[in-house]
Amino acid sequence: MALMINEDCTACDACEPVCPNTAITAARPIYLIDPMKCTECVGAEDEPQCRLACPSDCIVQNPDFAETQDELMEKYRQLHA
Ligand code: SF4
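Numbers given in my numbering equal positions in the sequence shown, counted from 1, plus 1431.
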C-alpha cells in the first residue's frame, strides 16, 4: 500500500530527500507522494523512511492503493530496472 501525506503537513522538507524512489514532490500547501512510485520503502529499507523523518506524523496509508508485499517489491524492481 502506498503512503500519502495528509493535511497536517507543514511542508518542512524533511521527507523529500530520504525517499529511495523519488516519490515525494515538494508542493504547497502540502507535499505529495506519487502512489505509483511509493513502495513503503519495500526493496530499499526496513521501514518507510519518510515516516521516520516526518516531525508532524502526517504520513499515512493511502487507502486507494492496497498492495501486497510482493506487489510492492515488484513495483520497486520496475522503478529501478
Ligand atoms: Fe518514499 Fe518510502 Fe515514503 Fe514511499 S514510504 S514515499 S518509498 S520514503
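Ideal Cβ placement from N, Cα and C applies to all residues, glycine included.
* Asked: Taking the alpha-carbon positions, what's the residue 1505 to residue 1485 distance?
  -> 26 Å
* In this structure, does DSSP put residue 1449 in helix, strand or coil? -> helix
* To do: Within the same chain, show all residues whose beta-carbon is closer than 8 Å to that of residue 1508, passing over the 5 residues directly before and after it, in chain order.
  => 1474
* To do: Determine the contact status of residue 1451 and residue 1480, defining contact as a CB-CB distance below 8 Å.
  => yes
* Who are the Cβ neighbours of residue 1459 in its own chain at under 8 Å, not counting the five residues just before and after it? -> 1442
* To do: Please classify residue 1483: is it buried, with 16 or more other beta-carbons within 10 angstroms of its beta-carbon, or exposed?
  => exposed
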